[in-house]
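> Pasting in a structure now, in structure tokens, and then I'll have a few things to ask.
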Ligand code: FPP
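Spelled out as structure tokens, the structure:
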């Protein structure tokens, strides 16, 4: 078995608590989370991981106070405007997973630009799950499949063709920071045989040592996919 995950997925959690502990506004926590993410893309790439996805904004996150939602959208804009070339220089291909509706038009345009600009890179796919929900993804795929005129029984492969990123392999390892033991609608279908790793560390404090610990833990797992023990 490969000891390094092909696809590492992280649920970036705890920005708010990180900020609160320091007496800072929540948005400062998200800003610190963004800085951490920039560092983590490089570290993840160095580990030889081919696909790195992060849960940056869920279909449920629109329910947060308007100021926080607007602040997060501005952070995404800032990231795309200023960091895309650095990702490209690392051989990173930027991709977005999620519903495109509701995303402000200018941000949507920037997302398209970032995807196009990095489309030729092949070292690491950096996947930002933005306005992503696992149930929404399955429903969107079902509706697209119906619209395609598909007749007869539906196979897993039929449905997968209509997922947001059909070519991306399922996550091998899903990490969630900040102590919550939930999937929160992330990669719902794709997580069927993922390994999970939970840590109490808040996302802005997640560092190289924490990454290494998670990957070492993963390397010791025995994945059976429903089969027998070896
Ligand atoms: C969860 O922490 C974090 C988020 C909902 C946002 C994550 C976004 C970033 C780290 C910025 C990323 C930027 C890009 C470009 C992807 P929380 O607010 O739920 O923390 P809490 O549970 O402690 O309140």
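In this note's numbering, the protein residues as written are -16 to 213.
The beta-carbon is built from N, C-alpha and C at its ideal position, and this holds for glycine as well.
In this structure, does DSSP put residue -13 in helix, strand or coil?
Reduced to three states, the DSSP call for residue -13 is coil.
> Can you look up residue 119 in the DSSP assignment and give me helix, strand or coil?
Helix, per DSSP.
> At what residues does the alpha helix (DSSP H) containing residue 199 begin and finish?
Segment 191 to 202, the alpha helix (DSSP H) holding residue 199.
> Ends of the beta strand (DSSP E) at residue 156?
Counting along the chain, the beta strand (DSSP E) containing residue 156 begins and ends at 156 to 159.
> Return the chain-ordered ranges of every alpha helix (DSSP H) run that is complete within the region 62 to 86 and spans a minimum of 4 residues.
List check, alpha helix (DSSP H) in window: nothing returned.
> Is the closest heavy atom of the ligand FPP to the C-beta of residue 44 under 7 Å?
Yes.
> Which full runs of the beta strand (DSSP E) of 3+ residues lie inside the region -16 to 33, going along the chain?
If we require 3 residues or more, the beta strand (DSSP E) runs fully inside the region -16 to 33 come out as -10 to -6.
> Verify whether the separation of the beta carbon atoms of residue -7 and residue 24 is less than 8 Å.
No.
> Using a threshold of 8 Å, state whether the C-beta atoms of residue 176 and residue 201 are closer than that.
It is not a contact, given that the beta carbons lie outside the stated cut-off.
> Check residue 114 in the structure and name its three-state DSSP category.
Note: residue 114 maps to strand in three-state DSSP.
> Would you check if there are 3 or more beta carbon pairs closer than 8 Å linking the region 28 to 35 to the region 101 to 116?
With the cut-off at 8 Å, the region 28 to 35 and the region 101 to 116 touch.
> Mind checking whether the beta-carbon of residue 53 lies closer than 7 Å to any heavy atom of the ligand FPP?
Result no, Cβ not under 7 Å from the ligand FPP.
> Where residue 189 and residue 160 are concerned, what is the direct C-alpha to C-alpha distance, given to the nearest angstrom?
Roughly 8 Å between the two C-alpha positions.
> Can you check which of these residues, 101, 211, 10, 205, is closest to residue 156 by C-alpha distance?
When each option's Cα is compared against that of residue 156, the closest is 205.
> Taking buried to mean at least 16 other C-beta atoms within 10 Å of its own C-beta, is residue 78 buried or exposed?
Buried, since its Cβ has 16 or more Cβ neighbours within 10 Å.
> Okay, do the region 44 to 53 and the region 120 to 132 touch, 3+ Cβ pairs below 8 Å being the bar?
Contact between the region 44 to 53 and the region 120 to 132 is absent, because fewer than three Cβ pairs lie under 8 Å.
> Is it buried or exposed, residue 41, if we count other Cβ atoms within 10 angstroms and call 16 or more buried?
With 16 or more other Cβ atoms within 10 Å, it is buried.
> Count the other CB atoms, across all protein chains shown, that sit within 10 Å of the CB of residue 97; report buried if there are 16 or more and exposed otherwise.
Buried: at least 16 other Cβ atoms inside 10 Å.
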